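Data first, discussion second: the structure below is written as structure tokens.
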Amino acid sequence: MDFDLTDDQKSFRESVRGFAQRELAAGALERAHSSDYPWDVAKKMASLGLIGLTVDEEDGGGGGSLMDAVIAIEEIAAVCPRSADVVQAGNFGALRVLANFANPEQKKRFLPPLLDGSGLICVAMTEPGAGSAVTELTTTATPDGEGFRISGSKIFTTHGLHASVFLVYVRFGPGIDGIGSVLIERGAEGLSFGAPATFLGGEDWNPLYFDEVYVPAENVLLGPGGFKKQINGFNVERIGNSARALALGRYSYELAREHALVREQFGRPLCEFQGLQWKFADMKIKLDAAQLLLYRAAVDAENGFPSAEQTAIAKVMCNRTGFDVANESLQVLGGMGYSDEMLVEYCLRRTRGWMIAGGTIEMLLNRIAESVFDRRFSQRATR
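With the first letter of the sequence shown counted as 1, position 84 gets the number 84 in UniProt numbering; the numbers rise by one all the way through.
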């Protein structure tokens with residue numbers, strides 16, 4: 001059992017850190033408060049191979065591990081928290097599902113712009129009546145010739161305002177086995193967008209409406225029976241969520257620690273007050289524990305998708321830790337921490353959202369409990 005990074009991982013970490021300090025330090029505050037997707041950052045990352053790290057080399061990616069992508073998020077977020085979103089979009093979630101389950105022709109069509117930073121894929125899963133109970137989705141895929149007509153709506157589509165292609169969860173038929181996914185490109189006839197809205201964390205989203213959108217057979221990613229594969233892929237999304245939450249908590253912690261070393265009150269530095277010493281000790285314990293759980297989930301996924309149980313444990317711990325540490329760090333920083341002149345308040349808002357996105361804390365606790373007792377606990381009302 002080795003708790004240290006390999007030499008190659010250490011070298012990669014140093015390379016990403018150098019890139020972040022050179023290219024991303026300037027403008028970090030402005031990026032965090034901008035509603036635009038940082039396309040310039042995506043292009044720079046793509047040129048260094050930081051997008052598509054986990055995609056097979058034969059498909060145009062880096063052929064790296066999930067752990068490599070986690071390291072990239074950590075190092076990017078340490079300098080520019082907002083830019084960590086680009087690593088997430090370019091390595092986890094919808095892109096990873098596409099890269100793993102698409103056929104060769106689909107990969108040839110869709111992957112190149114996503115990997116060179118000129119395109120962006122967005123998952124369209126949540127519906128007004130199907131959030132945590134995602135299997136209750138009602139967006140339908142009705143056969144039409146050799147293809148399908150898609151009708152329904154989606155909400156909470158992160159990057160929906162900017163995406164060039166949407167991975168849409170649809171229902172081909174009844175039950176869980178009737179759920180699959182299709183790829184719909186921006187500009188498709190019948191696809192329309194609702195008014196943009198903004199999350200507390202600053203990310204924008206907009207409703208998507210599908211009015212008999214025609215999807216040819218070649219745009220079906222996973223047909224009926226594909227739901228379990230999609231959810232396995234979504235565990236990768238949760239690793240990216242966890243990594244960002246933890247990284248933003250650590251970013252806040254480091255700012256607060258530096259502040260406590262130099263800020264004086266009552267004639268001595270803040271770090272000399274025992275109340276703050278214990279606060280930092282608690283934060284350090286939480287950060288280290290969460291990182292170990294995150295690394296376990298990422299490393300054990302080397303030969304496939306991460307374990308659902310380990311991912312759930314890591315996400316709950318990282319989500320809670322990221323938010324708690326950002327909150328305590330803001331308290332240490334006082335008025336400046338509460339001001340938008342520093343990014344700690346931004347980190348607090350973002351980490352709060354990740355306790356909901358990608359599977360709520362409560363749903364993941366249910367999943368963990370099922371592992372504890374080795375039985376399924378249905379949340380559905382008895383009929």
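Where is the CB? At the ideal position from N, CA and C, for every residue including glycine. Please read these numbers as outputs of a predicted model, since none were measured by experiment.
Query: Where the alpha helix (DSSP H) through A247 begins and ends; Result: 227 to 262
Query: G60 to Q331 span [Cα, whole Å]; Result: 45 Å
Query: Complete beta strand (DSSP E) runs within the region 175 to 231 (minimum length 3 residues, chain order); Result: 179 to 185, 191 to 193, 208 to 215, 220 to 222
Query: D36 versus L137, P112, A163, residue with shortest Cα-Cα distance; Result: A163
Query: Inter-residue Cα distance where the pair is T142 and F323; Result: 43 Å
Query: Rounded Cβ spacing between T351 and A245 (contact assumed at less than 8 Å); Result: 5 Å
Query: Residues near A99 in its chain [Cβ-Cβ closer than 8 Å; skip 5 each side]; Result: G52, T54, V55, D56, D59, G61, K107, L111
Query: Residue nearest to F210 in terms of C-alpha spacing, selected from P113, S151, M125; Result: S151
Query: I184 beta carbon less than 7 Å from that of V170; Result: no
Query: Spatial neighbours of F377 in its chain, beta-carbon cut-off 8 Å, leaving aside the 5 residues before and after; Result: N366, A369, E370
Query: Reduced DSSP category for T140 - H, G, I as helix; E, B as strand; rest coil; Result: strand
Query: Inter-residue CB distance, D68 and F12 (contact presumed, cutoff 8 Å); Result: 6 Å
Query: Counterpart residues of F166 in DSSP-defined beta bridges; Result: C122, I184
Query: 6 Å Cβ shell around S329 - same chain, five flanking residues per side excluded; Result: S252, Y253, A256, V344
Query: Own chain partners of I176 with C-beta closer than 6 Å, once the 5 adjacent residues on each side are dropped; Result: T135, F227
Query: C-alpha gap between F239 and A72, whole angstroms; Result: In the sequence as displayed, the identity of residue 239 is Ile instead of Phe. Approximately 13 Å, taken between the alpha carbons.
Query: Straight-line Cα distance separating S181 from P174; Result: 14 Å
Query: Residue environment, R96, which counts as buried when at least 16 other CB atoms sit within 10 Å; Result: buried
Query: C-beta contact flag for G117 and A20 at 7 Å; Result: no
Query: Nearest-angstrom beta carbon gap, E105 and E218 [assumed within contact, 8 Å]; Result: 7 Å
Query: Per DSSP, the bridge partner or partners of A130; Result: E127
Query: Classification of Q88 by the beta-carbon crowding that lies within 10 angstroms, buried from 16 upward; Result: buried
Query: Given P216 as reference, the closest of N235, G27, E189 once Cα atoms are compared; Result: E189
Query: Residues sharing a beta bridge with F148, DSSP; Result: P143, V215
Query: Cβ neighbours of L261 in the same chain (closer than 7 Å, five flanking residues each side left out); Result: P269, C271
Query: Member of D40, L24, V236, G63 whose CA lies at the smallest distance from the CA of F305; Result: V236
Query: Q274, DSSP secondary structure in three states; Result: helix
Query: Delimiting residues of the alpha helix (DSSP H) encompassing E362; Result: 361 to 373
Query: Exposure label - D340; buried when at least 16 CB within 10 Å; Result: exposed
Query: First through last residue of the alpha helix (DSSP H) which encompasses L53; Result: Per DSSP, L53 belongs to no alpha helix (DSSP H) and is neither H nor E.
Query: Nearest candidate by alpha-carbon position, reference K154, set N206, V165, G202; Result: N206
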